[in-house]
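**Q** Per my numbering, the very first residue in the sequence shown carries number 3; after that it's consecutive.
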Amino acid sequence: TGGGLPMVATSERVGKPEDYEELSRQIAQELASETVSSLLADPADELFETGGKKEQASPPGGDHGHGGGGGGGGASGVEEPSPLELLPIDGATARVKADAVDATGLTRYVGRVCAVFANGGGALVDVNCEEPARWLPERGQEEQPRLTLGGRVGVFCAREQRGQLRAFTEKPPGLIQRGTGERMRLEDLHAGEGPFRAVVVSRTSAGVLVDFNCEVLGQLVSSRQLARGEELRVFISGTDLAAGRCSVSTQKMETKVQRMRLKEVSAAVAGCTPFQGTVKRVTQGGAIVDFNCEVPGLVGPLDIDMDACPDGLATGHKVTIYVQRVDAQRRVVRLSMFRPRAASAHRDDPPSARRATAASLAAAANG
Numbered sequence: 003t004g005g006g007l008p009m010v011a012t013s014e015r016v017g018k019p020e021d022y023e024e025l026s027r028q029i030a031q032e033l034a035s036e037t038v039s040s041l042l043a044d045p046a047d048e049l050f051e052t053g054g055k056k057e058q059a060s061p062p063g064g065d066h067g068h069g070g071g072g073g074g075g076g077a078s079g080v081e082e083p084s085p086l087e088l089l090p091i092d093g094a095t096a097r098v099k100a101d102a103v104d105a106t107g108l109t110r111y112v113g114r115v116c117a118v119f120a121n122g123g124g125a126l127v128d129v130n131c132e133e134p135a136r137w138l139p140e141r142g143q144e145e146q147p148r149l150t151l152g153g154r155v156g157v158f159c160a161r162e163q164r165g166q167l168r169a170f171t172e173k174p175p176g177l178i179q180r181g182t183g184e185r186m187r188l189e190d191l192h193a194g195e196g197p198f199r200a201v202v203v204s205r206t207s208a209g210v211l212v213d214f215n216c217e218v219l220g221q222l223v224s225s226r227q228l229a230r231g232e233e234l235r236v237f238i239s240g241t242d243l244a245a246g247r248c249s250v251s252t253q254k255m256e257t258k259v260q261r262m263r264l265k266e267v268s269a270a271v272a273g274c275t276p277f278q279g280t281v282k283r284v285t286q287g288g289a290i291v292d293f294n295c296e297v298p299g300l301v302g303p304l305d306i307d308m309d310a311c312p313d314g315l316a317t318g319h320k321v322t323i324y325v326q327r328v329d330a331q332r333r334v335v336r337l338s339m340f341r342p343r344a345a346s347a348h349r350d351d352p353p354s355a356r357r358a359t360a361a362s363l364a365a366a367a368n369g
């Protein structure tokens, strides 16, 4: 109105909350525009640079630059920042990296709301970091803070994953007598480890986050209804070092072992590679043994070492077996508890095998 430039009064962006990474990059580009810059800029300091140069008022009677060289390239000798680079806010000399922000939830930062998502999707808060911190409304909280675009808000920060912060308008819950030792690093955690003491710090539409004294919060995988501040014990479900995040569960997850393929087992027929197996079932035709192959093997009655198992085989017995024959077409594997004769001297044969050999030789001699 009145010939002046239009000013942004409010702004909304529609998108899935889980897409905030891409949204953050898009919003950072949008914030570089001159109109949004005028909304968020500090009256004393410019928040953004436009056109690759920081705009400065010219002194009365003076000129701009040195030598007036056209073509957009100045000769000032000062390196020009990227057109999308955000300047520090609140008089700071530089923006800090996300890893340098206190992510223990103990320090209160005063930031500016730089984006508000529609349909209760939360907001992004600029805390003078390279990336904005994400805020989401907590479930079960009666009074939700009303964040408006460009407004100031006090927040506490925690590291949702490396390089990404989660903002809380209230100090996040902590474990009593946690200690002051260093937090665990992602590289030192492996699936199945635990239990670790933990406390629920966030319960939002994006899921449940727990603090278990790791450098990042754990994404809880559980069907239980948990309240913010509730303490529990968790196990590591998995870590993603590339993304810098981890997931945890209230139950220990069994790690899956890759089973051998039939082609790999076939290569062991010619040798004398022993395998450890577990008897899964005993039938009239022999014992079915699981030896970590994609197909269980069969130990026939004549291939059972009675010296090793005087009472015979039973379900659950642990046995040492050798691959005798593999039929890839029928997907059948024959096993034996005796070491192949071609790979062992006669004196190394089990007593029962020597007895069988002696009997067959005697029968041949009498014939």
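Here a beta-carbon is modelled for each residue, glycine too, at the ideal position from N, C-alpha and C.
Please read these numbers as outputs of a predicted model, since none were measured by experiment.
Could you spell out where the beta strand (DSSP E) holding Ser251 opens and where it closes?
**A** Arg247 to Ser251
**Q** Per the contact definition of three or more C-beta pairs closer than 8 angstroms, is the stretch 319 to 331 in contact with the stretch 271 to 290?
**A** The answer is yes - the stretch 319 to 331 touches the stretch 271 to 290, with three or more Cβ pairs under 8 angstroms.
**Q** Find the nearest neighbour of Ala229 within the set Val201, Thr252, Leu264 and Asp104, judged by alpha-carbon distance.
**A** Comparing Cα positions, the closest option is Val201.
**Q** When DSSP labels each residue in this structure, what does Glu51 get in the three-state scheme?
**A** Unreliable positioning characterises Glu51 in this predicted model, as indicated by a pLDDT of 39, which lies under 50. A coordinate reading is not provided.
**Q** Comparing alpha-carbon positions, which option in Leu315, Val236 and Val129 lies nearest His2?
**A** Here the chain has residues from 3 to 369 only, and residue 2 is not among them.
**Q** Only counting the same chain, and skipping five residues up and downstream in sequence, which positions put a Cβ closer than 6 angstroms to that of Gly153?
**A** Val115
**Q** Exposed or buried, Thr322, counting other C-beta atoms within 10 Å across all chains shown (16 or more means buried)?
**A** It is exposed - the Cβ of Thr322 has fewer than 16 other Cβ atoms within 10 Å.
**Q** What three-state label does DSSP hand Glu133 in the structure shown?
**A** coil
**Q** Starting from Lys99, trace the alpha helix (DSSP H) both ways and give me its first and last residue.
**A** No alpha helix (DSSP H) contains Lys99, which DSSP labels as neither H nor E.
**Q** Label Ser225 either buried or exposed according to how many other C-beta atoms from any shown protein chain fall within 10 Å of its C-beta, with 16 as the threshold for buried.
**A** Ser225 counts as exposed, since fewer than 16 other C-beta atoms from the protein chains shown sit within 10 angstroms of its C-beta.
**Q** Identify whether Gly74 lies in helix, strand or coil by the three-state DSSP scheme.
**A** Note that Gly74 scores a pLDDT of 45, beneath 50, so its modelled location is shaky and nothing firm can be said.
**Q** Taking the beta carbon of Val112 as the centre, do at least 16 other beta carbons fall within 10 Å, making it buried, or is it exposed?
**A** By the 10 Å Cβ count, Val112 comes out exposed.
**Q** Judging by CA-CA distance, which residue of Ile306, Ala316 and Asp313 is the nearest neighbour of Arg341?
**A** Ile306
**Q** In chain order, which continuous runs of the beta strand (DSSP E) of length 3 or greater are located wholly inside the stretch 116 to 162?
**A** 125 to 128 and 135 to 137
**Q** Decide if Pro174 is buried, meaning its Cβ has at least 16 other Cβ atoms within 10 Å, or exposed.
**A** Buried.
**Q** Under the rule that 16 or more other beta-carbon atoms within 10 Å means buried, what is Gln163, buried or exposed?
**A** buried
**Q** So the candidates are Gly194, Leu188, Glu132 and Arg263; which of them puts its Cα closest to the Cα of Glu255?
**A** Rather than Glu, the amino acid found at residue 255 in this sequence is Met. That would be Gly194, whose Cα lies nearest to the Cα of Met255.
**Q** Find the nearest neighbour of Arg110 within the set Gln221, Cys159, Arg336 and Arg185, judged by alpha-carbon distance.
**A** Cys159
**Q** Using only CA atoms, which one of Leu149, Val98 and Glu132 lies nearest to Gly123?
**A** Leu149
**Q** Just tell me which of Pro134, Val210 and Leu167 has its CA closest to the CA of Val118.
**A** Pro134
**Q** Could you give the distance in angstroms between the alpha-carbon of Gly63 and the alpha-carbon of Asn130?
**A** Confidence at Gly63 is low in this model, with a pLDDT of 47, below 50, so its placement is unreliable and no value can be given for it.
**Q** So is Ile238 buried or exposed if we call it buried at 16+ other beta carbons inside 10 Å?
**A** buried
**Q** Beta-carbon within less than 8 angstroms of Thr252's beta-carbon, same chain only, minus the 5 sequence neighbours each way: which residues are those?
**A** Leu222, Ser224, Arg226, Leu234, Arg235, Val236 and Phe237
**Q** What are the boundary residues of the alpha helix (DSSP H) that Ser268 is part of?
**A** Membership of Ser268 in the alpha helix (DSSP H) is indicated by the continuous run Leu264 to Ser268.
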